[in-house]
Amino acid sequence: MKQSVKLILLAVLFCAYCTNAEEEDATDPGIDEDSTYVPGGANQLDPKRAGRMNGGTTVSIGDYPFVVTVIVKDGYGGEMYSVSAIVSNTQVLSTGYTVDPNQYSGGISSIKIRAGSKYQDKEGFIFVVSKTVTHPKYDPNDYPNDFSVLTITGSFSGYPNVQPIAIETNEITFSPTNPTNCFVLGWGTDSNNNIIKLLSRTDYKLASDASCNSQSATLQCFEPVSGSICNNNMGFPLVCNNRLYGVHPVFF
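If you count by mature numbering (1 follows the signal peptide of the UniProt record, and there is no 0), then the sequence shown holds residues -21 to -1, 1 to 231, one letter each, in order.
Here it is as structure tokens:
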């Protein structure tokens, strides 16, 4: 099945505004070695809530140090995990839906970032999100402007396996004879639907807009080459030519 992945291109000016914000002094975020389980709440091992990738190949966080997990705790203590990408020493690019308080029971009580780990639920470093800026035209019932920039307290700089990725500022032209190869990173299940606890990668190639009936200029169509990401999951970073090119919106 062909999937659409939302372009970052039209978000560049918005992101530039956010990343020019003054950086706060670095603080030690601490290391979290224990897995997190919330009885009666969303569980990091629940593929319906944690984001889902099928048939991916496990990879090292050292090769993709920009990949992080956004941990959103609702007003009743339940947690939801989603994949996002570091875009500066203080900021993460995610979807607007991920940090929309109206999508959580009792609103949002806290947002944290786990970085530098091949797992979603343990190891690495935990950073506290102090500010979120969502696109002013974000609509929870639509997808063209479904992105948000999350600012942490302190800095990602200086931590092992934690590093921002550059954002692509030019649109890649589709070529049917020489398609651009890209990939998506995250967590999910293997081809037998067994949960994969390690960071994984699936490969995609640029496709024509007609191939997935894209109805927005901010959406780009991609066709899976190996593995796939599921509909109704959000935040998976799409990388083309070693630059962040898109994120997967919740409604695809």
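Think of the CB as a built atom: it goes at the ideal place given N, C-alpha and C, for glycine as much as any other residue.
Where does residue 203 fall in DSSP's three states?
Reading the sequence shown from its first residue, position 224 is the one you call residue 203. Residue state for residue 203 is assigned as strand, using DSSP reduced to three classes.
Measuring CB to CB, does residue 129 end up less than 8 Å from residue 71?
The sequence position of residue 129 within the sequence shown is 150, counting from 1. The sequence position of residue 71 within the sequence shown is 92, counting from 1. In contact: residue 129 and residue 71 (Cβ atoms closer than 8 Å).
DSSP-derived helix/strand/coil call for residue 81:
Position 102 of the sequence shown, counted from the start, is the residue given in the question as residue 81. Correct three-state label for residue 81: helix.
Length of the line joining the Cα atoms of residue -4 and residue 62
The residue given as residue -4 occupies position 18 in the sequence shown. The residue given as residue 62 occupies position 83 in the sequence shown. The predicted position of residue -4 is uncertain, since its pLDDT is 39 and thus under 50; a value taken from the coordinates is nonetheless stated next. Cα to Cα, the separation comes out at about 20 Å.
Coarse secondary structure for residue 188, derived from DSSP in three states:
As a first step, residue 188 must be located in the sequence shown, where it is residue number 209. Three-state DSSP puts residue 188 in a helix.
Less than 6 Å between C-beta atoms, sequence neighbours within five positions excluded: which residues of the same chain meet that for residue 53?
Walking along the sequence shown from the start, residue 53 turns up at place 74. Within the same chain, residue 53 has close Cβ partners 83, 84, 85.
Residue span of the beta strand (DSSP E) that contains residue 225, given as start and end
Along the sequence shown, one-based indexing puts residue 225 at 246. Start and end: 222 to 226.
Could you have a look at residue 55 and say whether DSSP puts it in helix, strand or coil?
Numbered from 1 along the sequence shown, position 76 holds the residue referred to as residue 55. It is coil, neither helix nor strand.
Using a Cβ-Cβ cut-off of 7 Å (strictly less than) and excluding sequence neighbours within five positions of residue 221, which residues of its own chain qualify?
Translated into the one-based positions of the sequence shown, residue 221 becomes position 242. So the list is empty, once near-sequence residues are dropped.
If I'm right that residue 92 touches residue 47 with Cβ under 8 Å, what's the distance once you round it to whole angstroms?
On the sequence shown, residue 92 is found 113 positions in, with the first residue counted as 1. On the sequence shown, residue 47 is found 68 positions in, with the first residue counted as 1. Contact holds; Cβ gap of about 5 Å.
To the nearest angstrom, how far is the alpha carbon of residue 135 from that of residue 204?
Along the sequence shown, read from residue 1 onward, the residue named residue 135 stands at position 156. Along the sequence shown, read from residue 1 onward, the residue named residue 204 stands at position 225. Approximately 32 Å, taken between the alpha carbons.
On the criterion of 16 or more Cβ atoms from any shown chain inside 10 Å, does residue 244 qualify as buried, or is it exposed?
Because the chain is modelled from -21 through 231, residue 244 falls outside the range shown and cannot be assessed.
Residue 183 by DSSP, collapsed to three states: which one?
The count along the sequence shown starts at 1 and reaches residue 183 at position 204. Under the three-state reduction of DSSP output, residue 183 falls in the strand class.
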